[in-house]
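Here the structure is laid out as structure tokens; the discussion comes afterwards.
In the numbering used here, the protein residues as written are 34 to 653.
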């Protein structure tokens, strides 16, 4: 029998479905009895060559994995090559790479891992890329001579145009399923932010890990989570301790966010202190401005914050809620820091709100009162005030006991309620009666005043507006109604004025800087044009009367209806010459075009030297 030889094994599979059960067991997952979890699949091929004798065996292997899919994990293509040399001190060389990997909602590309050296002293190099300019390079050493440990000598992370680096090497020792870290200090290259960690990471066995951050940009956290960083700002300072086990952690600490901005929400300073144990989070939250606490919130919430979970489902657990928010004669001007949609706010607010019950059936209590409020809405070009209202909270709803919003001339009364589905999803059931109410005053786009009875229904993130109203003292702006090219008019009086008359489409500016308006759906909102409704451009000013119906989905408006031209003027300009026409009759038809283009049939008259001429504009 030979003492040495060579054995070659080649294998390939066009599907990995047959290995799904084995992979589930090896990963420590529970079997999927519902059949909803995508099964393991993909294409694999590889080759293994064994050579030498048993006491000095060597092995080489290489393989390719294509289109791997398992649960929420996707790998487009991965390759690997391995060389093993046995003997008294075995050595290992490994080269692995993946084109792209998607897992847990995150995606990475150009992933690489290399190891080289004796098994008890392996040099390690790792690299990878991701969105937001993420580029990671790491170099370290794995040792297994006196217990397993990984020492990271170099760690470079490029993110959002900044580079993070290690201040000094650190070691992660692995003993009895517990990872212990020597002090870790990660700094941003400009010196503006620092992350520190030290201790034992809680796992199956208890541990205690201290984590601190200074000057950490919220956009960096969003970028790491591969979320949109637009509209995000603020810096985080935190001091936290994580203890217990991975399935039953204990969390405690403090944190402060300076200048936080989350889209339309903003605040100058937010401070919190928290403690989590036995599946319950206790937290105090304060919003500050110029040394004054604007709002104080205390909360006790049943939550599962374990990272090694023992149950399926969401993280909201059965148990009592205990939340209280308080503000006493708070100056509403302080709320300008929380939003960019309101300016020059005034008035005061009293608030004493409690939340009890459970996640499934929350029980609200308390009141909110606004006195002599006022605010300018820059995106709409209007100012409202005084605003007075009282709201009461009961069960799962906020009831509008009274709310009066006054404008420059008229005002609006709002009644109804807002239901809070699981406390996090406001659902509107509001009615508004407005009289001579100024809705918008945006020069060059729309000036709108109305009498209306309308209803807001549905989730706050996708509200639906229906109802009926009368429009008055309103100006709808068009682009230039007429562009000139050469054509001959029959009347010789105008031969020296123009050679053609052609019409171009006019359009409306469709964007507003209001998230509520962007998400608002308008469904068959009918309105009638009363006195003082004008269609206006740089060349025309026409008074209208009639009825129309408005619909809107997302940012697309549709207008259907017919208006009669009561009177007006039209100015025809060619070079330095201009002529004014008096509108004698006309019809403006909206046909539901998403560009809000109108079909015009307008007759106008201009009289010179006792002679008359008529011009018609059609099919604008």
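For every residue, glycine included, the Cβ atom is placed at its ideal position computed from N, Cα and C.
Round the Cβ separation of residue i and residue j to the nearest angstrom and send it over; I've been treating them as touching at under 8 Å.
i, j, result
"residue 390", "residue 336", "That pair is no contact at about 15 Å."
"residue 287", "residue 272", "6 Å"
"residue 467", "residue 456", "No, residue 467 and residue 456 are not in contact; Cβ-Cβ is about 30 Å, not under 8 Å."
"residue 234", "residue 214", "7 Å"
"residue 115", "residue 94", "5 Å"
"residue 75", "residue 59", "Between residue 59 and residue 75 the Cβ distance is about 16 Å, and since that is not below 8 Å, they are no contact."
"residue 162", "residue 142", "5 Å"
"residue 240", "residue 226", "At roughly 26 Å, the Cβ-Cβ gap does not stay under 8 Å, so residue 240 and residue 226 are not in contact."
"residue 397", "residue 429", "6 Å"
"residue 417", "residue 449", "In fact, because the Cβ distance is near 19 Å, the residues do not count as touching under 8 Å."
Would you list the one or two residues that DSSP bridges to residue i?
i, result
"residue 459", "453"
"residue 442", "Answer is none; residue 442 lacks a bridge partner."
"residue 602", "574, 615"
"residue 469", "Bridge partners of residue 469: none, in fact."
"residue 172", "158, 187"
"residue 420", "406, 438"
Identify whether residue i lies in helix, strand or coil by the three-state DSSP scheme.
i, result
"residue 264", "coil"
"residue 537", "Because residue 537 sits at a pLDDT of 29, beneath the cut-off of 50, its placement in the model cannot be relied upon, and the point is left open."
"residue 107", "strand"
"residue 412", "coil"
"residue 253", "helix"
"residue 521", "In this predicted model, residue 521 has a pLDDT of only 32, less than 50, meaning its place in the structure is not dependable enough to derive any value."
"residue 595", "strand"
"residue 369", "helix"
"residue 672", "Residue numbering for the chain in the displayed model covers 34 to 653; residue 672 lies beyond these limits and cannot be assessed."
"residue 494", "coil"
"residue 177", "coil"
"residue 338", "coil"
"residue 654", "Outside the shown range of the chain (34 to 653) lies residue 654, about which nothing can therefore be said."
"residue 191", "strand"
"residue 397", "strand"
"residue 48", "coil"
"residue 210", "coil"
"residue 53", "helix"
"residue 276", "strand"
"residue 87", "helix"
Kindly examine the ligand ATP and report whether one of its heavy atoms sits closer than 7 Å to the Cβ of residue i.
i, result
"residue 416", "No copy of the ligand ATP appears in this structure; indeed no ligand is present at all."
By the 10 Å Cβ neighbour count, where 16 or more other Cβ atoms means buried, how is residue i classified, buried or exposed?
i, result
"residue 362", "exposed"
"residue 523", "Any reading at residue 523 needs caution, since the residue's pLDDT is 37, under 50, leaving its predicted position unreliable; the model's value is listed next. Exposed: under 16 other Cβ atoms inside 10 Å."
"residue 200", "exposed"
"residue 320", "buried"
"residue 43", "exposed"
"residue 268", "buried"
"residue 252", "buried"
"residue 46", "exposed"
"residue 340", "exposed"
"residue 173", "buried"
"residue 246", "buried"
"residue 263", "exposed"
"residue 311", "exposed"
"residue 572", "buried"
Leaving aside the five residues before and after residue i along the sequence, list all residues of the same chain whose C-beta is less than 6 Å from its C-beta, in chain order.
i, result
"residue 216", "231"
"residue 405", "380, 419"
"residue 352", "335"
"residue 107", "135"
"residue 578", "562, 597, 599"
"residue 130", "112, 145"
"residue 127", "115, 148"
"residue 531", "A caution first: residue 531 carries a pLDDT of 33, below 50, which makes its placement in the model too unreliable to give a value."
"residue 160", "145, 170"
"residue 575", "568, 598, 601, 616"
"residue 308", "285, 315"
"residue 442", "469"
"residue 556", "497, 499"
"residue 318", "305, 330"
"residue 155", "148, 175"
"residue 402", "383, 423"
Using a Cβ-Cβ cut-off of 7 Å (strictly less than) and excluding sequence neighbours within five positions of residue i, which residues of its own chain qualify?
i, result
"residue 399", "385, 386, 387, 426"
"residue 622", "595, 631, 632"
"residue 493", "459, 461"
"residue 480", "473, 474, 507, 508"
"residue 454", "460"
"residue 209", "238"
"residue 57", "64"
"residue 52", "73"
Take residue i and list the residues in its own chain whose beta-carbon comes closer than 8 Å to its own, dropping the five residues that flank it on each side.
i, result
"residue 138", "105, 259"
"residue 662", "With the chain represented from 34 up to 653, any question about residue 662 goes unanswered, as that position is not in the structure."
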